[in-house]
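Engineer: For the sequence shown, our numbering assigns the number 63 to the initial residue and increments by one for each residue that follows. Glycine included, each C-beta is placed from N, C-alpha and C at the ideal position. Below is the structure I would like to discuss, written out as structure tokens.
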Amino acid sequence: MERTKNKLITLLLLLCSAGLRAEYRSEVYFAYVNNKMEQWRSVIDRMEAVKNKSNDMTLELINYEYGYIGYCLGVDKEDEAKKYFSLASINIDILEKAGYKISVINAYKSAFYGFRIGFNKLSAPFNGPKSLDYAKKSLEQDRDNYLAYIQYGNAQFYMPAAFGGSKKEAMEYFLKAKAILERDQQETRGNWNYLNVMTLIGQAYTVLEDYNSAMAAYEYILRFEPGFTYVRDELYPQLLKKMKK
Numbered sequence: 063m064e065r066t067k068n069k070l071i072t073l074l075l076l077l078c079s080a081g082l083r084a085e086y087r088s089e090v091y092f093a094y095v096n097n098k099m100e101q102w103r104s105v106i107d108r109m110e111a112v113k114n115k116s117n118d119m120t121l122e123l124i125n126y127e128y129g130y131i132g133y134c135l136g137v138d139k140e141d142e143a144k145k146y147f148s149l150a151s152i153n154i155d156i157l158e159k160a161g162y163k164i165s166v167i168n169a170y171k172s173a174f175y176g177f178r179i180g181f182n183k184l185s186a187p188f189n190g191p192k193s194l195d196y197a198k199k200s201l202e203q204d205r206d207n208y209l210a211y212i213q214y215g216n217a218q219f220y221m222p223a224a225f226g227g228s229k230k231e232a233m234e235y236f237l238k239a240k241a242i243l244e245r246d247q248q249e250t251r252g253n254w255n256y257l258n259v260m261t262l263i264g265q266a267y268t269v270l271e272d273y274n275s276a277m278a279a280y281e282y283i284l285r286f287e288p289g290f291t292y293v294r295d296e297l298y299p300q301l302l303k304k305m306k307k
């Protein structure tokens with residue numbers, strides 16, 4: 063009787079946790095689409111406050127922290143970025159010590175070496191190769207890890223050609239990440255990471271001056287998620303202006 067009761071309690075806790083995680087995912091997606099980053103930060107803070115988080119929940123939290131740090135660096139909120147960089151680094155260490163999904167952890171470590179360059183451009187000669195090494199290691203461990211392809215693509219995209227960087231090669235990796243996510247509809251619907259990959263592709267095509275492909279990428283995004291403000295109100299209109307010139 064006692065064992066049955068314990069199993070029911072465990073099941074209820076798992077169901078509650080799954081429900082909370084679905085709610086967090088939905089909130090973060092809404093925040094990303096509508097540029098409501100205060101709401102994104104609120105999700106992170108609430109998740110950080112949860113005691114005895116499962117490994118799955120901690121990994122999801124790292125993903126949201128990773129996205130928020132990138133946003134903060136993009137809008138010159140360096141102090142805010144550093145705060146969440148420190149929190150996320152602790153979570154990464156926890157999962158690494160637990161041996162949990164090490165390929166994914168190495169992909170995040172690649173991203174975080176990239177963030178270090180954002181904090182200090184002079185650190186690029188050291189942190190750039192480190193970022194690339196962890197992305198390679200992540201791919202060696204799991205060839206279906208979409209996040210590793212994104213990080214390898216980012217490293218290639220921002221690394222000067224003189225040091226081996228290639229924007230065209232970066233595009234191949236972004237497209238591979240997109241293809242992996244699209245294998246499962248659950249990985250595209252309501253997932254900010256999918257919109258992010260598509261946005262990276264549009265931006266990369268724009269830098270490569272392949273404007274027709276960039277336009278196709280942005281128009282696909284707006285069919286998929288018409289309310290995505292960053293593409294609708296900024297990137298797509300900017301591209302159209304470039305094309306007119």
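#1: So, is Met305 buried or exposed, given that buried needs 16 or more other C-beta atoms within 10 angstroms?
#2: Tell me which residues share the same chain as Ser193 and place their Cβ nearer than 6 Å to its Cβ, disregarding the 5 neighbours each side in the sequence.
#3: By the three-class DSSP mapping on this structure, what secondary structure does Met221 have?
#4: Spell out a yes or no on whether the stretch 128 to 145 and the stretch 156 to 165 are touching, meaning 3 or more CB-CB pairs, one atom from each, closer than 8 Å.
#5: To the nearest whole angstrom, what separates the beta carbons of Val269 and Ala239, a pair I think is in contact under 8 Å?
#6: Check whether the Cβ of Val166 lies closer than 6 Å to any heavy atom of the ligand ADP, and answer yes or no.
#7: Taking DSSP as the reference, what is the three-state secondary structure of Glu231?
#8: Can you say whether Thr120 is buried or exposed, counting buried as having 16 or more other CB atoms within 10 angstroms of its CB?
#9: Taking the CB atoms as reference points, tell me whether Ala186 and Ile179 lie closer together than 7 Å.
#10: Here's the rule: buried if 16 or more other CB atoms are within 10 angstroms of the residue's CB, otherwise exposed. What is Cys78?
#11: Would you identify the three-state DSSP class for Leu270, choosing helix, strand or coil?
#12: With distances taken Cα to Cα, identify the nearest neighbour of Lys199 among Phe181, Val166, Ala224 and Gln300.
#13: Nearest CA to the CA of Leu201: which residue from Met221, Gly264 and Tyr235?
#14: What residue does the alpha helix (DSSP H) around Asp155 start on, and which one ends it?
#15: Hey, could you find the ends of the alpha helix (DSSP H) Gln203 is sitting in?
#16: What does the alpha-carbon distance come out to for the pair Leu297 and Gln265?
#17: Do Leu262 and Tyr208 have their C-beta atoms within less than 7 Å of each other?
#18: By DSSP, does Ile71 sit in helix, in strand, or in coil?
#19: Helix, strand or coil for Asp295? Go by DSSP, reduced to three states.
#20: Determine, using beta carbons only, whether Ala93 and Trp102 come nearer to each other than 7 Å.
#21: Can you list, in chain order, the residues of its chain with a C-beta nearer than 6 Å to that of Met233? Leave out the 5 residues immediately preceding and following it.
#22: Helix, strand or coil: how does DSSP classify Phe290 here?
#23: On the DSSP letters alone, give me the boundaries of the alpha helix (DSSP H) that Glu110 sits inside.
Structural biologist: Looking at the coordinates:
#1: In the sequence shown, the residue the question calls residue 305 occupies position 243. With fewer than 16 other Cβ atoms within 10 Å, it is exposed.
#2: Here residue 193 corresponds to residue number 131 of the sequence shown, with the count starting at 1. The residues are Ser172, Tyr175, Gly176 and Ala217.
#3: Indexing the sequence shown from 1 puts residue 221 at position 159. Three-state result, Met221: coil.
#4: no
#5: Indexing the sequence shown from 1 puts residue 269 at position 207. Indexing the sequence shown from 1 puts residue 239 at position 177. The pair is not a contact, with the Cβ atoms about 17 Å apart (cut-off 8 Å).
#6: Because no ligand of any kind appears in the structure shown, any question about the ligand ADP cannot be addressed here.
#7: On the sequence shown, position 169 is the one that residue 231 refers to. Helix.
#8: Numbered from its first residue, the sequence shown carries residue 120 at position 58. Counting Cβ neighbours within 10 Å, Thr120 comes out buried, since at least 16 surround it.
#9: Here residue 186 corresponds to residue number 124 of the sequence shown, with the count starting at 1. Here residue 179 corresponds to residue number 117 of the sequence shown, with the count starting at 1. Cβ distance < 7 Å, so Ala186 and Ile179 count as in contact.
#10: Counted from its first residue, the sequence shown places residue 78 at position 16. The predicted position of Cys78 is uncertain, since its pLDDT is 43 and thus under 50; a value taken from the coordinates is nonetheless stated next. When all chains shown are included, Cys78 counts as exposed.
#11: By 1-based counting over the sequence shown, the position of residue 270 is 208. In this structure, Leu270 counts as coil in the three-state DSSP scheme.
#12: As a first step, residue 199 is located in the sequence shown; it is residue number 137 there, counting from the start. Among Phe181, Val166, Ala224 and Gln300, the Cα nearest to that of Lys199 is on Val166.
#13: If you number the sequence shown from 1, residue 201 lands on position 139. Per the Cα distances, Tyr235.
#14: Position 93 of the sequence shown, counted from the first residue, corresponds to residue 155. Taken as a continuous stretch (DSSP letters only), the alpha helix (DSSP H) holding Asp155 covers Glu140 to Ala160.
#15: Numbered from 1 along the sequence shown, position 141 holds the residue referred to as residue 203. Per DSSP, Gln203 belongs to the alpha helix (DSSP H) from Ala186 to Gln203.
#16: Against the sequence shown, residue 297 aligns to sequence position 235. Against the sequence shown, residue 265 aligns to sequence position 203. Leu297 and Gln265: Cα-Cα distance of roughly 8 Å.
#17: The count along the sequence shown starts at 1 and reaches residue 262 at position 200. The count along the sequence shown starts at 1 and reaches residue 208 at position 146. No, they are not a contact pair.
#18: The sequence position of residue 71 within the sequence shown is 9, counting from 1. Residue placement at Ile71 is poorly supported in this model, since its pLDDT is 43, which falls under 50; the coordinates still yield a value, given next. It is helical.
#19: In the sequence shown, residue 295 corresponds to position 233, counting from 1. Looking at Asp295 - three-state DSSP - the assignment turns out to be helix.
#20: Taking the first residue of the sequence shown as position 1, residue 93 is located at position 31. Taking the first residue of the sequence shown as position 1, residue 102 is located at position 40. Yes, Cβ-Cβ distance for Ala93 and Trp102 is below 7 Å.
#21: Taking the sequence shown and counting its residues from 1, the one referred to as residue 233 is at position 171. Cβ neighbours of Met233 within its own chain (closer than 6 Å, five residues either side excluded): Ala266.
#22: On the sequence shown, position 228 is the one that residue 290 refers to. Three-state DSSP puts Phe290 in coil, outside helix and strand.
#23: Taking the sequence shown and counting its residues from 1, the one referred to as residue 110 is at position 48. Its alpha helix (DSSP H) spans residues Met99 to Ala111.
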